[in-house]
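**Q** In the order they appear, the protein sequences are chains A and B.
Here the first sequence is numbered in our numbering, starting from 10 and rising by one per residue.
Here the second sequence is numbered in our numbering, starting from 319 and rising by one per residue.
Idealized CB from N, CA, C, for every residue including glycine.
Below is a structure I'd like to ask you about.
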Amino acid sequence: MVTILFFASLRERVGTSREQLPLATANATVSTLIESLRARDGAWAEAFAPGQAWRVAVNQRMADLATPLRPGDEVAFFPPVTGG
Amino acid sequence: MATVRVQEADFDVGRELESLTHGRTDVGALASFTGLVRASSEGAAVNAMTLEHYPGMTERALEDICREAHGRWDLIDTLVIHRVGALRPGDRIVLVGVSSAHRGEAFAACEFIMDYLKTRAPFWKREDTPSGSRWVEARESDEQAARGWE
Numbered sequence: 010m011v012t013i014l015f016f017a018s019l020r021e022r023v024g025t026s027r028e029q030l031p032l033a034t035a036n037a038t039v040s041t042l043i044e045s046l047r048a049r050d051g052a053w054a055e056a057f058a059p060g061q062a063w064r065v066a067v068n069q070r071m072a073d074l075a076t077p078l079r080p081g082d083e084v085a086f087f088p089p090v091t092g093g
Numbered sequence: 319m320a321t322v323r324v325q326e327a328d329f330d331v332g333r334e335l336e337s338l339t340h341g342r343t344d345v346g347a348l349a350s351f352t353g354l355v356r357a358s359s360e361g362a363a364v365n366a367m368t369l370e371h372y373p374g375m376t377e378r379a380l381e382d383i384c385r386e387a388h389g390r391w392d393l394i395d396t397l398v399i400h401r402v403g404a405l406r407p408g409d410r411i412v413l414v415g416v417s418s419a420h421r422g423e424a425f426a427a428c429e430f431i432m433d434y435l436k437t438r439a440p441f442w443k444r445e446d447t448p449s450g451s452r453w454v455e456a457r458e459s460d461e462q463a464a465r466g467w468e
């Protein structure tokens, strides 16, 4: 299982802030996780459609599509940051 | 080395900067930046703002940014305080303080920390305007400023 967190406008688009999901394959990456999220209903497919600006962090460090995932990881998706 | 705080409460700029120099005689330069909530944004009035963040990662990201600043310049101390929660126009949002022996390092590191904070620390602003509430969009100019340090 991995814990998935959603923040800000992305959280509102998908309608949840947190969920737990089993990893589908032994060689899971951020990319394979995104594919499984895209396969859900319209709001999910739309939020993660190609061209949508989102960022991902794995275990609280910025990551990318190729970052590998292991059981127990914390994966967070969010829009580009706007602090300061 | 580096002090990082994320908090709802306001901060006293004078007192926070004083903590960087108190009892020391090696500090020759103290640079700081204070960011505040403006009453207008993208042509619309802003009545209030809410700052969301990613607890845990936020602190880690700010510590990483300060650590990188210490690696790039000869600094004595760095301080970042960032507020979250409900804010109003005129409220302070962020304070960055940098102490060093000479001004060049302090000025550069202060700007570097803000440029990286703007593009790497997981904060998101939501503005309340007369026509409703909206998430602030990230700006390409902020990305360009951060890339300028690479």
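(1) Should B:E455 go down as buried or exposed, given a rule of 16 or more other Cβ atoms within 10 Å for buried?
(2) Within a Cβ cutoff of 8 Å, which residues of the same chain sit near B:R440, ignoring the five residues on either side of it in sequence?
(3) If I measure Cβ to Cβ from B:G415 and keep anything under 6 Å in the same chain, skipping five residues before and after, which residues do I get?
(4) Taking the alpha carbon of B:M319 as the point to measure from, which residue in B:H420, B:C384, B:F430 and B:M432 has its own alpha carbon closest?
(5) Between the segment 11-25 of chain A and the segment 45-62 of chain A, can you find at least three pairs of beta-carbon atoms closer than 8 Å?
(6) Would A:A156 count as contacting chain B if we go by Cβ distances under 9 Å?
(7) I'd like the ranges of any alpha helix (DSSP H) spanning at least 4 consecutive residues and lying wholly in the segment 349-422 of chain B.
(8) Could you please give the first and the last residue of the uninterrupted alpha helix (DSSP H) stretch that includes A:W63?
(9) State the start and end residues of the unbroken beta strand (DSSP E) segment that holds B:V322.
(10) Determine the closest residue to B:G346 out of B:D433, B:F425 and B:W467, with distance taken between C-alpha atoms.
(11) Just to confirm, is the Cβ distance from A:R64 to A:V84 under 9 Å?
(12) Using 10 angstroms around the beta-carbon of B:R401, count the other beta-carbons present and answer buried if the total reaches 16, otherwise exposed.
(13) For B:R482 versus B:A427, is the C-beta distance shorter than 9 Å?
(14) From the beta carbon of A:G81, is the nearest beta carbon of chain B less than 9 Å away?
(15) Quick check on DSSP: helix, strand or coil for B:F329?
(16) Can you name the residues of chain B whose CB is closer than 7 Å to the CB of A:S18?
(17) Beta strand (DSSP E) containing A:Q29: first to last residue?
(18) Residue range of the beta strand (DSSP E) that B:S451 falls in?
(19) Closer than 8 Å between beta carbons: that is the criterion. Which residues of the segment 437-451 of chain B meet it against chain A?
(20) Determine the DSSP secondary structure at B:W467, reduced to helix, strand or coil.
(21) Exposed or buried, which one is A:M10 when buried takes at least 16 other CB atoms within 10 Å?
(22) Is it true that the segment 324-334 of chain B meets the segment 404-423 of chain B, where meeting means three or more beta-carbon pairs spaced less than 8 Å apart?
(23) Please name the residue in B:Y434, B:S417, B:W453 and B:D446 whose C-alpha comes closest to that of B:S459.
**A** Based on what the coordinates show:
(1) For the purposes of this step, residue 455 of chain B is taken as the residue at position 137 of the second sequence. Exposed.
(2) Mapped onto the second sequence, residue 440 of chain B falls at position 122. Contrary to the premise, residue 440 of chain B reads as Pro rather than Arg in this sequence. Excluding sequence neighbours, B:P440 sits near H371, Y372, M375, T376 and A379.
(3) Residue 415 of chain B sits at position 97 when you count from the first residue of the second sequence. These residues qualify, in order along the chain: L335, L338, S350 and L397.
(4) As a working note, residue 319 of chain B is residue 1 in the second sequence. That would be B:C384, whose Cα lies nearest to the Cα of B:M319.
(5) yes
(6) In the structure displayed, chain A extends from 10 to 93; residue 156 of chain A sits before or after that span and is not available.
(7) 375-390
(8) Sequence index remark: in the first sequence, residue 63 of chain A carries index 54 (1-based). Segment: none, A:W63 is in no alpha helix (DSSP H) and carries neither H nor E.
(9) Within the second sequence, residue 322 of chain B is the residue found at index 4, counting from 1. Looking at the DSSP string, the run of the beta strand (DSSP E) that includes B:V322 is A320 to Q325.
(10) In the second sequence, counting from the first residue as 1, residue 346 of chain B sits at position 28. If we check each option's Cα against that of B:G346, B:F425 comes out closest.
(11) One-based indexing of the first sequence puts residue 64 of chain A at position 55. One-based indexing of the first sequence puts residue 84 of chain A at position 75. Cβ atoms of A:R64 and A:V84: not closer than 9 Å.
(12) Translated into the one-based positions of the second sequence, residue 401 of chain B becomes position 83. Answer is buried; the Cβ neighbour count reaches 16.
(13) Outside the modelled stretch of chain B, which goes from 319 to 468, sits residue 482 of chain B, for which no answer is possible.
(14) Stepping through the first sequence from its first residue, residue 81 of chain A is reached at position 72. With 9 Å as the cut-off, A:G81 does not count as an interface residue toward chain B.
(15) Within the second sequence, the letter at position 11 stands for residue 329 of chain B. Reduced to three states, the DSSP call for B:F329 is coil.
(16) In the first sequence, counting from the first residue as 1, residue 18 of chain A sits at position 9. Result: W453.
(17) Looking up residue 29 of chain A in the first sequence gives position 20. Here the beta strand (DSSP E) through A:Q29 covers R27 to L30.
(18) In the second sequence, counting from the first residue as 1, residue 451 of chain B sits at position 133. Note, B:S451: beta strand (DSSP E), G450 to W453.
(19) T437, R438, A439, P440, F441, W442, K443 and R444
(20) Indexing the second sequence from 1 puts residue 467 of chain B at position 149. Here B:W467 sits in coil by DSSP.
(21) Looking up residue 10 of chain A in the first sequence gives position 1. A:M10 is exposed by the Cβ-count criterion.
(22) yes
(23) On the second sequence, position 141 is the one that residue 459 of chain B refers to. Of B:Y434, B:S417, B:W453 and B:D446, the residue nearest in Cα terms is B:Y434.
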